[in-house]
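Participant: Here it is, the structure, as structure tokens.
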Amino acid sequence: MGHRLSKIVTRTGDVGTSGLADGTRLPKTHPRFAAMGDVDELNALLGVLLSQVRPDQLTRVLRPIQHHLFNLGGELAMPGQALIREDHIATLEAALEALNADLPPLKEFVLPTGPTVVASAHHARAVCRRAERAVWVVLAEDNNASRLAAIYLNRLSDLLFVIARHLSRDVNPQEQTWQI
16 MGHRLSKIVT RTGDVGTSGL ADGTRLPKTH PRFAAMGDVD ELNALLGVLL SQVRPDQLTR
76 VLRPIQHHLF NLGGELAMPG QALIREDHIA TLEAALEALN ADLPPLKEFV LPTGPTVVAS
136 AHHARAVCRR AERAVWVVLA EDNNASRLAA IYLNRLSDLL FVIARHLSRD VNPQEQTWQI
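Quick note: the sequence shown uses my numbering, first residue 16, plus one each step.
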């Protein structure tokens, strides 16, 4: 593979626009860039989460997701491209089922708290929800994005919630729940 970026400082964004992969320039405030930024932030948070977990099943689950999120960002940068596939969603659903199998049923809302690793999973989940909403805005605005990208993010937020519960159980079997 050749060099993807030959120059980091281009100054082309100094006037408030940025370029898509197809050369189209749009205002930096365009919903497509907001969605790309949210997906990028989510990917960075997964990196933080990965730095806190033992190399185990969660690493095997989360590492491919980082690659999928790069693909999802690529979809947003290249209108009309579809890089997230149904089998990616099926992989998330299988991981969800496996991790959820040994968790107790929920009787109350779980607070997004706990040791740093648990809080990191909850933080990633919250940003994932924002990224999903941002992708739906892009879909509503120009319908030139894949619905599978939004569905992928929806499943991923569910998976991150289950991961937070899984991690919480490992360090503190008594989850912190909402008290009225």
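Every residue gets a Cβ at the ideal spot worked out from N, C-alpha and C, and that includes glycine.
How would you label phenylalanine 176, buried or exposed, when you count the other beta carbons within 10 angstroms and need 16 or more for buried?
Facilitator: The residue is buried, with at least 16 neighbouring Cβ atoms inside 10 Å.
Participant: How about isoleucine 80 and leucine 163: are their beta carbons less than 8 Å apart?
Facilitator: Their beta carbons are not under 8 Å apart, which means isoleucine 80 does not touch leucine 163 by this criterion.
Participant: Taking the continuous alpha helix (DSSP H) assigned at glycine 89, which residues delimit it?
Facilitator: That run of the alpha helix (DSSP H) goes 72 to 92.
Participant: Return the chain-ordered list of same chain residues with a C-beta closer than 8 Å to the C-beta of histidine 83, the five sequence neighbours on each side being excluded.
Facilitator: Around histidine 83: Ile99, His103, Tyr167.
Participant: Would DSSP call valine 152 helix, strand or coil?
Facilitator: Correct three-state label for valine 152: helix.
Participant: According to the Cβ coordinates, are leucine 60 and serine 135 closer than 8 Å?
Facilitator: The answer is yes: Cβ separation under 8 Å.
Participant: Near arginine 140, what residues of its chain come up, given a Cβ to Cβ distance below 6 Å and the 5 sequence neighbours on each side ignored?
Facilitator: For arginine 140, where only same-chain residues beyond five positions count, the Cβ hits under 6 Å are Ser172, Leu175, Phe176.
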